[in-house]
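Numbering (full-length UniProt numbering), first residue to last: 1 to 165.
In structure tokens, the structure reads:
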């Protein structure tokens, strides 16, 4: 059995198809990353407007993955959570965990304040606090990636709402 020109052409054709698929996936991934960065820019610019950011964040929450949705639905299904969240949202400027711009300080926030962040339920809030205790305080918002249950998508959604200052 010998290697003929037909075999060589078949291998070349197979490699070209694999390259085409790889490039298509790369383009798709770059489009997804571009879409992820746009809501962050909107939240950052809309963050100073106050209440105007809430509707855009709610629409973003609906597009999340199932584990994040379940945490969010747990927080909204429990009426006690809603009553707990409302006062903190109204008094964020005077709380120790919030800065003057309405951002929640990860190094001083309580579990209730962390739960006021869209997509953060009681379990994730406690994990954030536990990680803060373990590392001695956050030096960067990016350190939230080390917390179980927070991935890059969740971090990008949270980035406009939290600070470490």
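Beta carbons: idealized from backbone N, C-alpha and C, even for Gly.
Note that the structure is predicted; figures quoted are calculated from it, not measured.
query: Exposure label - residue 125; buried when at least 16 CB within 10 Å; result: buried
query: Closest by C-alpha distance to residue 140, when choosing among 155, 130, 149 and 127; result: 155
query: Secondary structure of residue 48, DSSP reduced to three states; result: Only weak support exists for where residue 48 lies, its pLDDT of 42 falling under 50; the coordinates are left without a value.
query: Where residue 162 sits in the DSSP three-state scheme; result: strand
query: Cβ-based burial, residue 167 [other Cβ within 10 Å; buried from 16]; result: With the chain covering 1 to 165 only, the question about residue 167 has no answer from this structure.
query: Straight-line Cα distance separating residue 121 from residue 160; result: 18 Å
query: Inter-residue CB distance, residue 106 and residue 162 (contact presumed, cutoff 8 Å); result: 5 Å
query: For residue 32, three-class secondary structure by DSSP; result: helix
query: Per DSSP, the bridge partner or partners of residue 105; result: 163
query: Cutoff 8 Å; reference residue 142; Cβ partners in own chain excluding five residues on either side; result: 155
query: Cβ neighbours of residue 36 in the same chain (closer than 6 Å, five flanking residues each side left out); result: 156
query: Residue-level contact to chain C via CB, residue 17, 7 Å cutoff; result: Reference to chain C is not applicable here, since this structure consists of a single protein chain.
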